[in-house]
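Down below is the structure, laid out as structure tokens.
Numbering (full-length UniProt numbering), first residue to last: 1 to 173.
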């Protein structure tokens with residue numbers, strides 16, 4: 001790999017394998033970053049990769065929750081609750097996802113006298129397209145295909161032994 005001319009190594013897996021891979025790449029003399037998706041963006045990656053992980057890159061959904069004005073209360077409440085695990089990259093998105101389902105269920109129940117109809121599954125699926133609210137991660141809504149309309153992504157780099165956001169952007173295409 002050292003003499004291959006490669007500028008990066010892209011790994012599409014998860015941190016338990018990515019950390020040692022990064023370490024092996026650097027130990028082989030290739031001073032190039034390992035790049036991956038959200039599967040490698042975990043603090044355990046640095047423990048497995050060692051100090052040579054500096055400069056490795058990962059992408060993850062959305063903007064860092066702790067940086068979003070809309071997430072301040074969520075972050076404060078989560079920390080105050082004293083949960084054992086961090087909310088991590090998906091915590092705010094999981095919260096908003098659950099709330100979206102709750103909103104759709106409420107719409108269906110409200111339209112049926114406060115009870116779920118016998119065809120609740122189909123009606124809830126249909127109601128999801130009309131769900132729209134300001135959530136922890138920003139505006140939560142769905143397009144005609146059921147895809148979330150919030151299409152943010154953040155690139156992170158390993159700096160000083162931790163993942164640090166480099167740049168966030170929104171797909172508009």
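Note that CB positions come from ideal geometry on N, CA and C, so glycine has one too.
Can you name the start and end residues of the beta strand (DSSP E) that residue 133 belongs to? As a working note, residue 133 is residue 133 in the chain shown. First-last of the beta strand (DSSP E) with residue 133: 132 to 135.
Going by alpha carbons, who is nearest to residue 70 out of 92, 52 and 79? Taking the first residue of the chain shown as 1, we reach residue 70 at position 70. It is 92 whose Cα lies nearest to the Cα of residue 70.
From which residue to which residue does the alpha helix (DSSP H) around residue 65 run? Numbered from its first residue, the chain shown carries residue 65 at position 65. Neither: residue 65 is in no alpha helix (DSSP H) and is coded neither H nor E.
Taking the alpha-carbon positions, what's the residue 9 to residue 150 distance? Against the chain shown, residue 9 aligns to sequence position 9. Against the chain shown, residue 150 aligns to sequence position 150. Looking at the two C-alpha atoms, the distance is approximately 29 Å.
Can you say whether residue 16 is buried or exposed, counting buried as having 16 or more other CB atoms within 10 angstroms of its CB? The sequence position of residue 16 within the chain shown is 16, counting from 1. Counting Cβ neighbours within 10 Å, residue 16 comes out exposed, since fewer than 16 surround it.
Going by DSSP, which residues form a beta bridge with residue 139? Along the chain shown, read from residue 1 onward, the residue named residue 139 stands at position 139. Answer by DSSP bridge pairing, in chain order: 134.
Fully enclosed by the stretch 4 to 91, which alpha helix (DSSP H) runs are 4 residues long or longer? 15 to 27, 43 to 49 and 72 to 81
Quick one, which of 164, 173, 171 and 172 has its alpha-carbon nearest residue 65's? Sequence index remark: in the chain shown, residue 65 carries index 65 (1-based). That would be 164, whose Cα lies nearest to the Cα of residue 65.
Around the C-beta of residue 21, are 16 or more other C-beta atoms found within 10 angstroms, so that it is buried, or is it exposed? As a position in the chain shown, residue 21 is number 21, starting the count at 1. With 16 or more Cβ atoms within 10 Å of its Cβ, residue 21 is classed as buried.
May I ask you to verify whether the stretch 152 to 166 touches the stretch 48 to 67, counting CB pairs closer than 8 Å and requiring at least 3? yes
To the nearest angstrom, report how far apart residue 113 and residue 95 are at their CA atoms. Taking the chain shown and counting its residues from 1, the one referred to as residue 113 is at position 113. Taking the chain shown and counting its residues from 1, the one referred to as residue 95 is at position 95. Computed Cα separation, rounded: 27 Å.
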